[in-house]
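Written below as structure tokens is the structure these notes are about.
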Amino acid sequence: MVLFLNQLINGLHVGSIYALIALGYTMVYGIVKLINFAHGDILMVGAYTAVVLVTMLDLPIPLVIVLVILICVLFGVLIERVAYKPLRSSPRISSLITAIGVSMLLQNSAQLIFSPTPKPYPIVLNVPPFKLAGLQMGFTTTLTILISIFLMIILQVFIAKTKLGKSMRAVSEDMEASKLMGVNVNNTITMTFAIGCALAGIGSVLYGLAYPSVSPSLGALPGLKAFIAAVLGGIGIIPGAMLGGFIMGIAESMTKAYISSQLSDAVVYGILIIVLLFKPSGLLGKRTREKV
Amino acid sequence: MNKKAKAYVLNILALLILFFSLSILISSGVINNYFSGILVTIGIAVIMAASLNLTTGLLGQLALGHAGFMSVGAYVAAIITKSLSMDFSLSLPLALLAGGLAAALCGLLIGIPALRLKGDYLAIITLGFGEIIRVVIENMSITGGPGGLSRITRMSRAFSPEVKASSAVQYAIVFWIMVVIITSIFTLGRSRHGRAIISIRENEVAAEATGIPTTYYKLFAFTLAAFFAGIAGGLYAHQTGLLTAKTFGFSKSIEYLVMVVLGGMGSITGSIISAVVLVSLPEVLRGFSEWRLVIYSTLLIVMMLFRPKGLMGTREFSLLTAWDTADRHIKKVFKLEQRPTKMPFVPRYDVWENSLVLETKALGISFGGLKAAEDIDIRLMNNEIVGLIGPNGAGKTTVFNLLTGVYLPTQGDIILLGKSILGKQTHKITQDGIARTFQNIRLFKSMTVLENIKVAFHTRMQYSALSGIVRDSHYASEERGIDLRARELLKVFNMEDVADAKADGLPYGQQRKLEICRALACNPKVLLLDEPAAGMNPIETQELMQTIKTIRTRFSVAILLIEHDMRLVMGICERIYVLNYGRVIAQGNPESIRNNPEVVAAYLGTPDKVAPAPGGAEHVES
Amino acid sequence: MKKRVYVSLVLALILGLGTLVPALAQETIKVGGIGVLSGPYAVYGQAVQKGVDLYVEQLNAAGGVNGKMVEVLWEDDQADATTGINAYNKLVDNDGVVAIIGPVLTGVTKAVAEYAADVGIPMITASATAYEITTDRPSVFRTCFLDPFQAVQMARFAADEGIKKVAVLYDNGDDYSTGLYNAFVAECQVLGLEVVATESAAFADVDFKSQLTNIQSAAPEAVFLPYYGAPAALILTQANELGFETKFLGADGIADIVDSISNKALLTSITYSDHFSTQADSKQAVDFVAAYKAKYNEDPTVSFSATGYDAALVLCDAFKQGSLEYADVVAAIKATNVEGVSGKITFDDHNDPIKSAFILTFDAEGNKVFVKLQNP
């Protein structure tokens, strides 16, 4: 039983990181109907920023974290303005290919600049695990889960109560109508990207604490899994991203623990396929019809 | 010989010279293993890019797991040549074919669920399947597990103890397989089956409504692409002699996607050029290998931003287009037996002069709690022109969608020519006799006017895909037939002079006419027109009214039309149904509808309020 | 458009004709070097390259082989089999090399070895440890020990330390890792060690906590990790997070773990086998370390620099018998009996060297510490 609970906690840990990244995917998809393939790579950008700031510039850790978030936001906004905005009215296939191109560009540029040899993540939390209700809780694990849940709650409140949050919801529903209502659509979209990337930036720190190896392809797999999580929960729906993230994390950990680690990748993709085939709108989503 | 035939012969000669010169250079050792290996890699890449182009370019669906099919073909072919003890020159073709078929089977199994999705979701699900294939292969022992399969017989060694001679044979095998595959994809694209596939890319809804079984063709294209990829995989396996599952991951799929995108999605020539360049360049620029991927990804982004059509767009090189015209000339020159022109089959509808062609009984649909249409009883007699009017949101287009099978009714029935068509798929309903136009014009934009019409003849043609690929006499005779018919049809609409213009280049009024013309080419008994006069000025509207009357008599169709232009409705409709909030609130002849108080209140407005401007159209704001 | 086809055709002809130019008369002995010089595993390829180049430089300074200078032409295989094969073809057909040193990674080596064995060109790999590389390939040799060998040594080391219960965590998507796992478990059976838990992870996985949690609950005294340095670093970090304290054992892939971990104190818990140690005390080793440091301004921390040096040594020694014909060089290599930098080198029937394994661990600053030399 204890073993089971420990594995569950492992799953929640992984899941919270997926959830943070999934939020970025879901918000962007909700508002511009684009799968931002490059979102996972923002995680990598954040990780390398930390490497550079700590090892080369020797800055204090709290400052590094703030800068990491800022740089991730900067990258996100830049990518949106340069690569995605011009294609907003183009066929979807163009945006999708561009997103793939951006992802490849980020990964391969990092490879060129930093060399593909993995580097150690410079921020280390060396706090021993503690006991909670008889279970051994790792410090990083607990911190990650708590921070993720906290951020998700704040985001929900933000979307529901603030003016910007309302604009975001409006633009998601109907971009044209929002424009007519006086919403600055471009700024809203940019802010959405910014928030998503800020979350990814925080995610990169939490990720680096747990998996302290930085390489150019760091963001590819977590990015894909987080995307699957977003789809699972219902793409475009924020609570869906959180739900999807946790489910994915737990499914992955449980498969590894009890079935077979070979299959964990297959299970992950299998979940994606099953969701897409039977309920493409996701667990919390609603069906939409194409207007004929 | 005239110029076109000359071009054809010249180009075929070029192909043969290319083959023989390189072949001789290889077998004499002038081109060594290094270069011949690169030529083979180019050949394989061309096949992969062209086959991916079938799915992504011609069908228009982004598929991200194409390397998965290559790996299935590679492993199956390798396992076969390793287990069979027969001579390699016998086991190799068997293995390649088996690899292709295995990949095609995977394509079919994956396509059936995946192709129900569209756009982004389809891309992601194909990515997922590609990765699953990789994981499965990596974990089976028959495929060598993570260590992979090694000591596979290599074509460059197996045909002769002399490496040079064997390499020449390898080159020949790859070269001619590549030529056959590319030509097949090209000729398929120009046949009726290719037109069907391209129409799906252009506008899937319109394709289905024009009678194309879209699900079937999506699967067909997807499976065929997988088949070719499987053959490429088999060739790859017997070139390198070693297979590891990791080689065929997402990045390999992307490599081929880049080739297709840069060359132009829909252009086979483009894929050939980019495959040649993108394989040879890294070898030439070995010192800059780290920059290669950075350059590719930047190119991808820049292409999408500034030239999304890629290098060639959807155009093809003259070598291949010359085939078209050359075909005709060769036949003439050699006076080959021509089958008599085969006209498309024209279904005869057994209908009496004044009988009922279409009837709905208490037809309705609810979306959740919303009743979009309820208790609709519509009757359409043979050769009638009936109007369907009402305020926006009343449910008029919904009725059309119900009639054509786009929506499944939640209540009631639809009877066409005496038989219920409830629950039938749209393309079947089109084949049964209902054709339609759309509120927002849905033409196949990058096709010519003539090709738009030809798509509609698809279901009444018979020649198989194989006939289309090899261009036999069945293909020739049927294509001639529909070419004549299509031009005849355009003449009725005074559009025969724009037959070869691109559909999206036409002025608005002609686009509308083309859509109606295409619907008529389906040879329907019932024609549904959705706001045909939208955006037209009074003169065009007058013309349209004449056209509709002409159509009714000449083509013997019953017409049901949705319109907001009251002059047109009152002018040509014999009967009118009025819809409001999903229900029929009135029906009758124009006079009775005009004066019906309920209709006036809901939609028309009182006659006093609407003073007709001198000579102007009476247009009701809704 | 037509023009483009013809231009490319002409270009292709020119490229092809370019090979008509005969190779220059051999005043230098050309040797081909193939290795992974770019990408995540570049550190291994570069180590081999540095070792080989150091030896060749020393040899040429001392007069070369019977007066002729030796030249090594390097090609990058980018860790891809097809690229490696192309590199091989280029070196042998275009550049006219008489022997091949490399490749570095097992997968690429398997592919290239097939081609080398075909024509009988002498090939020595300094780092590919998979058994089947030299099977049925008389002209293919290696100067590093094999995976089965080092796994066996680690099992014996554990037994010598008095360990009775072990567990294994390996990568089921990696040939190297799976091979080591199989050999280790087989030897444990022979030695009577109990394998209390076996867990595997997929290639490129970064999260091992589920597997570690399972292993932790089985309470082994040591855990065998047949991994490369970067994933091993992750495993150690996550074990620490879980409060899992145990001894870790590894093979030669662990050697570069120090570059992948920030919390160096964790490294004291892992012991591994390697082809070389900078603390080795043989004369050849000491001289090598000094010369390496002088030329490259760093210590030869990756052991493949030593085995690379030895590969070049063995090859050039074979050249010294006079003939450069494939068969003669191969025969000479087979008869090798030298004191290499990484140990004494003689070859068995399978073209594998009969060598010892260095057992190493780390101190809290991440410096390598020599533990013992384990002999076969």
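Chains as they are written, first to last, in this note's numbering: chain U, 1 to 292; chain Z, 1001 to 1622; chain W, 2001 to 2376.
No residue lacks a Cβ here, since even glycine has one placed at the ideal position from N, Cα and C.
Assuming residue i is part of the beta strand (DSSP E), what are its boundary residues?
i: W/I2359; result: 2357-2362
i: Z/W966; result: Nothing can be reported for residue 966 of chain Z: it is not among the residues displayed for chain Z, which extend from 1001 to 1622.
i: U/F130; result: 130-132
i: W/F2224; result: 2222-2225
i: W/I2101; result: 2099-2101
i: W/F2141; result: 2140-2142
i: W/S2273; result: 2270-2274
i: W/F2370; result: 2368-2374
Contact defined as beta carbons within less than 8 Å: I believe residue i pairs with residue j. What is the distance between those atoms, to the nearest angstrom?
i: W/A2113; j: W/I2085; result: Contact flag wrong, Cβ pair sits at about 11 Å.
i: W/P2103; j: W/T2125; result: 6 Å
i: U/I24; j: U/G196; result: Reading the sequence as shown, one finds Gly at residue 24 of chain U and not Ile. At roughly 3 Å, the Cβ-Cβ gap stays under 8 Å, so U/G24 and U/G196 are in contact.
i: U/L284; j: U/G249; result: That pair is no contact at about 17 Å.
i: U/L294; j: U/T255; result: Residue 294 of chain U lies beyond the residue range present for chain U, which begins at 1 and ends at 292; the question has no answer from this structure.
i: Z/L1149; j: W/A2111; result: Not confirmed; about 11 Å, so no contact.
State the Cα-Cα distance for the pair residue i and residue j, rounded to the nearest angstrom.
i: Z/L1084; j: Z/G1130; result: 28 Å
i: U/V28; j: U/Y18; result: 16 Å
i: Z/I1182; j: Z/T1269; result: 9 Å
i: Z/I1453; j: Z/A1534; result: 22 Å
i: Z/V1449; j: U/E176; result: 32 Å
i: W/N2337; j: W/I2359; result: 24 Å
i: Z/N973; j: Z/T1398; result: Residue 973 of chain Z cannot be examined here, being either before or after the span of chain Z that is shown, 1001 to 1622.
i: U/P86; j: Z/I1562; result: 37 Å
i: W/D2093; j: W/V2329; result: 19 Å
Starting from the C-beta of residue i, find all residues in its chain whose C-beta is less than 6 Å away, skip the five residues before and the five after it, and write them out in chain order.
i: W/T2198; result: V2168
i: Z/L1626; result: With chain Z running from 1001 to 1622 in the structure shown, residue 1626 of chain Z is simply not present.
i: U/P120; result: P212
i: U/I71; result: T49
i: Z/E1384; result: A1558, E1574
i: W/A2023; result: Residue placement at W/A2023 is poorly supported in this model, since its pLDDT is 39, which falls under 50; the coordinates are not used for a value here.
i: Z/T1341; result: S1477, R1480, G1481
Keeping to the same chain, check which residues put their C-beta closer than 8 Å to that of residue i; ignore five residues upstream and five downstream.
i: W/Q2049; result: G2033, G2035, L2037, W2074, G2308
i: W/E2365; result: K2264
Where does residue i land, buried or exposed, given buried means 16+ other C-beta within 10 angstroms?
i: Z/D1377; result: exposed
i: Z/Y1603; result: buried
i: W/S2277; result: buried
i: Z/M1140; result: exposed
i: W/Y2170; result: buried
i: W/D2348; result: exposed
i: W/F2208; result: buried
i: W/T2237; result: buried
i: U/D58; result: exposed
i: W/Q2189; result: exposed
i: W/K2030; result: buried
i: W/K2372; result: exposed
i: Z/E1531; result: buried
i: U/V45; result: buried
Once you ignore the five residues that flank residue i on each side, which residues in its own chain have a CB closer than 7 Å to its CB?
i: U/M168; result: I31, I159, T188, T192
i: U/G299; result: In the structure as shown, chain U starts at 1 and stops at 292, and residue 299 of chain U therefore has no counterpart that could be examined.
i: Z/G1390; result: K1396, V1578, L1579, N1580, Y1603
Verify the contact flag: residue i, CB atom, against every heavy atom of the ligand HEM, threshold strictly below 7 Å.
i: Z/I1273; result: This structure does not include the ligand HEM; it has no bound ligands of any sort.
What are the boundary residues of the alpha helix (DSSP H) that includes residue i?
i: Z/Q1546; result: 1538-1555
i: W/E2339; result: Here W/E2339 belongs to no alpha helix (DSSP H); instead the beta strand (DSSP E) covers 2338-2340.
i: W/M2069; result: Note, W/M2069: premise wrong, no alpha helix (DSSP H); beta strand (DSSP E) at 2069-2076.
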